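Novice: So the protein sequences, as listed, match chains A and B.
Residue numbers for the first sequence follow numbering that gives the first Met the number 0, so the first one is 0 and each next one is one higher.
Residue numbers for the second sequence follow numbering that gives the first Met the number 0, so the first one is 0 and each next one is one higher.
Even glycine gets a Cβ: it sits at the ideal position worked out from N, Cα and C.
Predicted model only: the values in this text are computed from it and were never measured.
Take a look at the following structure, please.
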Amino acid sequence: METETEGVDLVEGRVVRQFARAALLAALMGATAIVAIPIAGIPGTLQPLIVFLAGIYLGPYWGATSMGLYLAAGIAGAPVFAGWAAGPGVVVGPTGGFLVTFPVAAFLIGYAIHRGGDLRDPAELSPLYLGGVLLVATAVLYAVGVSWYAWVVGIELGEAALAVAAPLIPGDLVKIVVAVAIARSGRIDTV
Amino acid sequence: MLSYAPGDSIAHRLDPRSKLAVQAGFAAAALAYTTPVALAALTALAAGIAAASEFPLRRTARSLRYPALLLAAGPLVAALTLGPPWFEPSAAVEPALGSYRVLLVLVVSAAYVRTTPVSESRAAIQRTIPGKAGQLLGVGIALVFRFLPVIRGDLRRIQRASAARLGTERGAVERATTVGVLGLERTFRRADRLSLALQARCFSWGPTLPALSLSRRDLPALALAAGLALSALLRGARAVGLL
């Protein structure tokens, strides 16, 4: 064991709170890989919803950190990816494009809502603005996810969209509505 | 579900960093080549890695079900045509090779998961990424592992309670909102308690990690990783016309 004995450099209280929330939200993201609520007959997980909530409640930096921790834990072997998968290979697998864009999407959402400064109460924002932000972030997720799949399998973009994105679109639209409803409920505080 | 199991195979005894290097090298080589010859070589290599890590084939196959389905969708869609002959198998050959190489990467990745304990993966990541970022990442990975079963239990309880109150009869939006709000509330409550506990114990930037040491055993693995990465680089250089 290597123990640092030179001195104690305490982590600041605000950082600890945000960090604990980011880490546990990453665990929630992994846990929702098992929650399947059928939407339009297709069982989708709640994972995109957690990406939205990471940006909304943790802000750009900690939201992206949270999603980064989720990816890192999955790479290190935690069964957090869809279908209980784990390991470094999943990140270059068929859904790799979606996975690596989760931190980017959380950052975009967080930045559009909080503008990089102190976190605002998302309940005060207009639902239209919130929904628009989430829609743009989802579009970014799909763009990278579909391009990656098309490149790695070697098919055209349209075909890739048909294979991996089309079945998910109705479910993800519902998740945008759900995320706006959660943000507007005012039941959850930001740090 | 495929997870770490203690063992005495060659892969178990390697340093996690050299195993990660092999993963990266294999993925790079697999993504650089789709020719049948290269794929045959990579298949043999993947089989060798699987043999060196003694992982249960049946359970691994089961854990690859979901990505395999997704990978099969690409060639299928590519073979479909609008108009006669409707289905053209020859158009599916290239995408099928593309899908197959990804499956190989996933098999090699399963070998890593099977033979590497979490604490070692964490130490490898934390040592590779310097400074406070690496330390937060290391602690964060450990916390995700620790709280994954706890939060999974929370979600299961929320779903059971909701079902007992006929929540399953409600629409998808209402159900997802309930699970989302309650799940997030509990998770953040746990996080706030955790941060208080961390601060009470003087959570600091000085970590205690398991000792890792690269030994002579790791040399072949590192050489393999370097060779694979080089082959991918050569291919890339040829593609842009440097060679």
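(1) Verify whether the separation of the beta carbon atoms of D14 (chain B) and L211 (chain B) is less than 7 Å.
(2) Where does S191 (chain A) sit, in a helix, a strand or coil, going by DSSP?
(3) Got a sec: is the Cβ-Cβ distance from Q22 (chain B) to anything in chain A below 7 Å?
(4) Buried or exposed: which applies to Y69 (chain A), given that a residue is buried once 16 or more other Cβ atoms fall within 10 Å of its Cβ?
(5) Let me know the secondary structure DSSP gives F86 (chain B) once reduced to three states.
(6) Can you list, in chain order, the residues of its chain whose CB lies under 6 Å from that of A95 (chain B), leaving out five sequence neighbours each side?
(7) DSSP on L147 (chain B), reduced to helix/strand/coil?
(8) What does DSSP give as the partner residue(s) for F80 (chain A) in the beta ladder?
(9) S203 (chain B) bridges to which residues according to DSSP?
(10) Flag F144 (chain B) as yes if its beta-carbon sits less than 7 Å from any beta-carbon of chain A, otherwise no.
(11) Could you list which residues in chain B have their beta carbon closer than 8 Å to that of Y69 (chain A), in chain order?
(12) I'd like to know whether the C-beta atoms of G62 (chain A) and G109 (chain A) end up nearer to each other than 7 Å.
(13) Would a check of beta-carbon distances place R114 (chain A) closer than 7 Å to chain B?
(14) What is the rounded straight-line gap between the Cα of A51 (chain B) and the Cα of G137 (chain B)?
(15) Measure the alpha-carbon distance for A37 (chain B) versus L181 (chain B) and round it to whole angstroms.
(16) For L165 (chain B), which three-state DSSP category applies?
(17) From the DSSP output, which residues share a beta bridge with L79 (chain B)?
(18) Check each residue of the segment 184-197 of chain B: if its Cβ is closer than 8 Å to any Cβ of chain A, include it; give the result in chain order.
(19) Does F106 (chain A) come out as helix, strand or coil in the three-state DSSP assignment?
(20) May I have the straight-line CA-CA distance separating A148 (chain B) from A175 (chain B), to the nearest angstrom?
(21) Compare the C-beta of G76 (chain A) with all C-beta atoms of chain B and state if any pair is closer than 7 Å.
(22) Helix, strand or coil for E158 (chain A)? Go by DSSP, reduced to three states.
(23) Is the segment 48-55 of chain A touching the segment 118-137 of chain A in the sense that three or more CB pairs, one from each, lie closer than 8 Å?
(24) Within 10 angstroms of its Cβ, does F86 (chain B) collect 16 or more other Cβ (buried), or is it exposed?
(25) Beta-carbon of L211 (chain B) versus every beta-carbon of chain A: anything under 7 Å?
(26) Check whether the segment 56-75 of chain B and the segment 99-112 of chain B are in contact - that is, three or more C-beta pairs closer than 8 Å.
(27) Taking only the alpha-carbon atoms, compute the straight-line gap between A109 (chain B) and G88 (chain A) and give it to the nearest angstrom.
(28) Is the beta carbon of A162 (chain A) sitting closer than 7 Å to the one on A72 (chain B)?
(29) Buried or exposed: G240 (chain B), going by 16 or more other Cβ atoms within 10 Å of its Cβ?
(30) Could you compute how far the alpha carbon of L41 (chain B) sits from the alpha carbon of R126 (chain B)?
(31) Strictly below 7 Å CB to CB, what residues from chain A border G182 (chain B)?
(32) Counting C-beta neighbours from all protein chains within 10 Å, is the total for S62 (chain B) 16 or more, i.e. buried, or is it exposed?
(33) Could you give the distance in angstroms between the alpha-carbon of A138 (chain A) and the alpha-carbon of R216 (chain B)?
(34) Compute the distance between the beta-carbons of T115 (chain B) and I150 (chain B), then report whether it is under 7 Å.
(35) Would you list, in chain order, the members of the segment 75-107 of chain B that have their beta-carbon closer than 7 Å to a beta-carbon of chain A?
(36) Mind listing the chain A neighbours of Y32 (chain B)? Cutoff is C-beta to C-beta under 9 Å, in chain order.
Specialist: Walking through what the data contain:
(1) Reading the second sequence from its first residue, position 15 is the one you call residue 14 (chain B). Reading the second sequence from its first residue, position 212 is the one you call residue 211 (chain B). The answer is yes: Cβ separation under 7 Å.
(2) The displayed coordinates of chain A run from 0 to 190. Any statement about residue 191 (chain A) would go beyond what the structure contains.
(3) Reading the second sequence from its first residue, position 23 is the one you call residue 22 (chain B). Chain A, which has a Cβ nearer than 7 Å to the Cβ of Q22 (chain B), makes this yes.
(4) Mapped onto the first sequence, residue 69 (chain A) falls at position 70. When all chains shown are included, Y69 (chain A) counts as buried.
(5) Your numbering for residue 86 (chain B) matches position 87 in the second sequence. In this structure, F86 (chain B) counts as strand in the three-state DSSP scheme.
(6) As a working mapping, residue 95 (chain B) is identified with position 96 in the second sequence. Excluding positions up to five away in sequence, the list reads P74.
(7) Numbered from its first residue, the second sequence carries residue 147 (chain B) at position 148. Helix at L147 (chain B).
(8) Counting from one through the first sequence, the residue named residue 80 (chain A) turns up at place 81. According to DSSP, F80 (chain A) bridges with A:A84.
(9) What you label residue 203 (chain B) is simply residue 204 of the second sequence in a count that begins at 1. In the DSSP output, where bridge partners are listed per residue, S203 (chain B) has A:L9.
(10) If you number the second sequence from 1, residue 144 (chain B) lands on position 145. Cβ-Cβ to chain A under 7 Å: yes for F144 (chain B).
(11) One-based indexing of the first sequence puts residue 69 (chain A) at position 70. Those are V143, listed as they occur along chain B.
(12) Here residue 62 (chain A) corresponds to residue number 63 of the first sequence, with the count starting at 1. Here residue 109 (chain A) corresponds to residue number 110 of the first sequence, with the count starting at 1. Their beta carbons are under 7 Å apart, which means G62 (chain A) touches G109 (chain A) by this criterion.
(13) On the first sequence, residue 114 (chain A) is found 115 positions in, with the first residue counted as 1. So, not an interface residue.
(14) As a position in the second sequence, residue 51 (chain B) is number 52, starting the count at 1. As a position in the second sequence, residue 137 (chain B) is number 138, starting the count at 1. Distance between the alpha carbons of A51 (chain B) and G137 (chain B): 28 Å.
(15) The residue given as residue 37 (chain B) occupies position 38 in the second sequence. The residue given as residue 181 (chain B) occupies position 182 in the second sequence. Each residue's Cα considered, the two are about 50 Å apart.
(16) Numbered from 1 along the second sequence, position 166 holds the residue referred to as residue 165 (chain B). Of the three classes helix, strand and coil, the one that applies to L165 (chain B) here is coil, per DSSP.
(17) One-based indexing of the second sequence puts residue 79 (chain B) at position 80. DSSP output for L79 (chain B) lists B:F86 as bridge partner(s).
(18) E184, T186, F187, R189, A190, D191, L193, S194 and L197
(19) Position 107 of the first sequence holds residue 106 (chain A). Looking at F106 (chain A) - three-state DSSP - the assignment turns out to be helix.
(20) Here the question's residue 148 (chain B) lines up with position 149 in the second sequence. Here the question's residue 175 (chain B) lines up with position 176 in the second sequence. Looking at the sequence itself, residue 148 (chain B) is Pro, so the reference to Ala does not match. Distance between the alpha carbons of P148 (chain B) and A175 (chain B): 20 Å.
(21) In the first sequence, the residue the question calls residue 76 (chain A) occupies position 77. Output row for G76 (chain A): interface = yes.
(22) If you number the first sequence from 1, residue 158 (chain A) lands on position 159. Residue state, collapsed to three classes: helix.
(23) Yes, they touch.
(24) To locate residue 86 (chain B), count along the second sequence from 1; it is residue 87. The residue in question, F86 (chain B), is exposed, as its Cβ has fewer than 16 Cβ neighbours within 10 Å.
(25) As a first step, residue 211 (chain B) must be located in the second sequence, where it is residue number 212. Closer than 7 Å: no.
(26) yes
(27) If you number the second sequence from 1, residue 109 (chain B) lands on position 110. If you number the first sequence from 1, residue 88 (chain A) lands on position 89. Rounded to whole angstroms, A109 (chain B) to G88 (chain A) spans 8 Å at the Cα level.
(28) To locate residue 162 (chain A), count along the first sequence from 1; it is residue 163. To locate residue 72 (chain B), count along the second sequence from 1; it is residue 73. Contact flag set, yes.
(29) Against the second sequence, residue 240 (chain B) aligns to sequence position 241. By the 10 Å Cβ count, G240 (chain B) comes out exposed.
(30) Residue mapping note: residue 41 (chain B) aligns to position 42 of the second sequence, counting from 1. Residue mapping note: residue 126 (chain B) aligns to position 127 of the second sequence, counting from 1. Straight-line Cα distance between these residues: approximately 30 Å.
(31) Translated into positions along the second sequence, residue 182 (chain B) becomes position 183. Neighbours of G182 (chain B) on chain A, chain order: L27.
(32) Along the second sequence, one-based indexing puts residue 62 (chain B) at 63. Buried: at least 16 other Cβ atoms inside 10 Å.
(33) Position 139 of the first sequence holds residue 138 (chain A). Position 217 of the second sequence holds residue 216 (chain B). Straight-line Cα distance between these residues: approximately 47 Å.
(34) Counting from one through the second sequence, the residue named residue 115 (chain B) turns up at place 116. Counting from one through the second sequence, the residue named residue 150 (chain B) turns up at place 151. No, Cβ-Cβ distance for T115 (chain B) and I150 (chain B) is not below 7 Å.
(35) V76, A77, E93, P94, G97, S98, V101, V104, L105 and V107
(36) Residue 32 (chain B) sits at position 33 when you count from the first residue of the second sequence. Under the 9 Å cutoff, chain A gives no residues; its nearest Cβ is about 12 Å from Y32 (chain B).
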